[in-house]
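Chemist: Numbering (our numbering), first residue to last: 208 to 276. Virtual Cβ for every residue (Gly too), placed ideally from N, Cα, C.
1) Return the CA-CA distance between residue 213 and residue 224, expressed in angstroms with no decimal places.
2) Leaving out five residues on either side along the sequence, give the residues of the same chain with a beta carbon under 7 Å from the beta carbon of residue 270.
3) Return the bridge partner residues of residue 258 from the DSSP annotation.
4) So residue 272 and residue 210 are in contact, right, with Cβ under 8 Å, and what is the actual spacing, rounded?
5) Would you list the residues sitting across from residue 212 in a DSSP beta bridge?
What follows is the structure, encoded as structure tokens:
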């Protein structure tokens, strides 16, 4: 696969976090920073840093892992 799956508590800087905001599977991705924070792009706010424990992201979180490069 493209990503080696990891549990959230094992994430490292540069790992990818995946979300599903709709019904069509994964439709949003961010890059993990540290301390539960990740950077991603919002259509309304541009590039932002968010927290995985925020209720919206906790609810829409699908999976995470490190890129196989």
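Modeler: Inspection of the coordinates gives the following:
1) As a first step, residue 213 is located in the chain shown; it is residue number 6 there, counting from the start. As a first step, residue 224 is located in the chain shown; it is residue number 17 there, counting from the start. For residue 213 and residue 224, the distance between alpha carbons rounds to 10 Å.
2) As a first step, residue 270 must be located in the chain shown, where it is residue number 63. If you ignore the 5 residues before and after residue 270, its C-beta comes within less than 7 Å of the C-beta of 212 and 225, all in its own chain and listed in chain order.
3) Position 51 of the chain shown, counted from the start, is the residue given in the question as residue 258. DSSP lists 244 as the beta-bridge partner residues of residue 258.
4) Here residue 272 corresponds to residue number 65 of the chain shown, with the count starting at 1. Here residue 210 corresponds to residue number 3 of the chain shown, with the count starting at 1. At roughly 4 Å, the Cβ-Cβ gap stays under 8 Å, so residue 272 and residue 210 are in contact.
5) In the chain shown, residue 212 corresponds to position 5, counting from 1. For residue 212, which the question treats as bridged, DSSP gives the partners 272.
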